[in-house]
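Protein chains in written order, with the working numbering: chain A, 1 to 113; chain B, 1 to 115.
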């Protein structure tokens, strides 16, 4: 158990809809990362937050947004969903000290129909 | 820019045989390198990491990797494969600095262990 909790585990929705994925980091971890895993794109870094502030952006679409709340949990919002957004979305967290590794949740599998 | 290349998207070995998964990196600065494993329907789990110091790094489940700067490689090995090692393995390099660090992953290698 990594200590990172993601909900829901599975999400099925229709094109054009909006969904919110939730992540609770490991206790004490200030950084939260979002990754998208798909068969054709592999593991793609989307966005990173550190103690409530956005710190780095990767290949995140404009239709996607995220935030990290004062209690350090994070939410990834996906809107105007397209079939191609179907993927596994992972949240990971890390501590602030040195080059600490990322600890991954078990992911949310999003299916857009 | 830092990136990693994993050679071989699928590797099959017999149970008890040597496991060798290849990873090459490109980095303009000394890299921080990681290997992660992903079992079906699970998140990624850290196997081992190299930051500084000893170039031979030992990880969990009997895996180890050697950082070779001259070859820009960080190959993952295990002397004797076990059926439970069947999974997908990802090499990753850390980019960024300070609190704005993130991992860039390779495309992954699916390891099959044959009985």
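Note that the Cβ used here is the ideal one computed from N, Cα and C, for glycine as well. It should be emphasised that the depicted structure is a prediction, and the values quoted were computed from it without experimental measurement.
Burial state of residue i, where buried means 16 or more other Cβ atoms lie within 10 Å
i                      : result
residue 118 of chain B : The requested residue 118 of chain B is not part of the displayed model; chain B covers only 1 to 115.
residue 17 of chain A  : exposed
residue 83 of chain A  : exposed
residue 63 of chain B  : buried
residue 9 of chain A   : exposed
residue 65 of chain B  : buried
residue 12 of chain B  : exposed
residue 31 of chain B  : buried
residue 41 of chain A  : exposed
residue 79 of chain B  : exposed
residue 39 of chain B  : exposed
residue 105 of chain B : buried
residue 29 of chain A  : buried
residue 47 of chain B  : buried
residue 115 of chain B : exposed
residue 103 of chain B : buried
Option in the options with minimal Cα separation from residue i
i                     : options                       : result
residue 54 of chain B : B/38, B/37 and B/33           : B/33
residue 9 of chain B  : A/5, A/24, A/88 and A/39      : A/39
residue 24 of chain B : B/113, B/93 and B/45          : B/93
residue 26 of chain B : B/101, B/103, B/4 and B/70    : B/4
residue 75 of chain A : A/103, A/100, A/86 and A/46   : A/46
residue 86 of chain B : B/29, B/61 and B/7            : B/61
residue 57 of chain A : B/41, B/44 and B/95           : B/95
residue 64 of chain A : A/28, A/51, A/73 and A/81     : A/81
residue 68 of chain A : A/62, A/53 and A/15           : A/53
residue 6 of chain B  : B/112, B/113, B/111 and B/107 : B/107
Residue-level contact to chain A via CB, residue i, 8 Å cutoff
i                      : result
residue 108 of chain B : yes
residue 67 of chain B  : no
residue 43 of chain B  : yes
residue 103 of chain B : yes
residue 49 of chain B  : yes
residue 34 of chain B  : yes
residue 90 of chain B  : yes
residue 46 of chain B  : yes
CB-CB length for residue i against residue j, believed under 8 Å
i                     : j                      : result
residue 15 of chain B : residue 75 of chain B  : Their Cβ separation, rounded to whole angstroms, is 21 Å, which puts residue 15 of chain B and residue 75 of chain B out of contact at 8 Å.
residue 22 of chain A : residue 93 of chain A  : So it is not a contact: roughly 13 Å between Cβ atoms.
residue 2 of chain A  : residue 105 of chain A : 6 Å
residue 77 of chain B : residue 19 of chain B  : 6 Å
residue 86 of chain A : residue 108 of chain A : The pair is not a contact, with the Cβ atoms about 12 Å apart (cut-off 8 Å).
residue 36 of chain B : residue 44 of chain B  : 4 Å
residue 19 of chain A : residue 13 of chain A  : 6 Å
residue 33 of chain A : residue 102 of chain A : 6 Å
residue 89 of chain B : residue 109 of chain B : 5 Å
CB contact check: residue i to chain B, cutoff 8 Å
i                      : result
residue 33 of chain A  : yes
residue 101 of chain A : yes
residue 52 of chain A  : no
residue 2 of chain A   : yes
residue 110 of chain A : no
residue 36 of chain A  : no
residue 59 of chain A  : no
Residue i at chain D interface by Cβ criterion, 8 Å
i                     : result
residue 96 of chain B : No chain D appears in the structure shown, which is made up of the protein chains A and B.
The ligand MN heavy atom lying under 7 Å from the CB of residue i
i                     : result
residue 37 of chain A : The ligand MN is not among the ligands present in this structure, which contains no ligands whatsoever.
- Query: What are the complete beta strand (DSSP E) segments, minimum 3 residues, inside the region 67-100 of chain A?
  - Reply: 74-78 and 87-94
- Task: Entirely within the region 4-83 of chain B and at least 4 residues each: give me those alpha helix (DSSP H) ranges in chain order.
- Result: none
- Item | Whole runs of the beta strand (DSSP E) within the region 22-71 of chain A, excluding any shorter than 3 residues | 31-38, 42-50, 53-57 and 64-68
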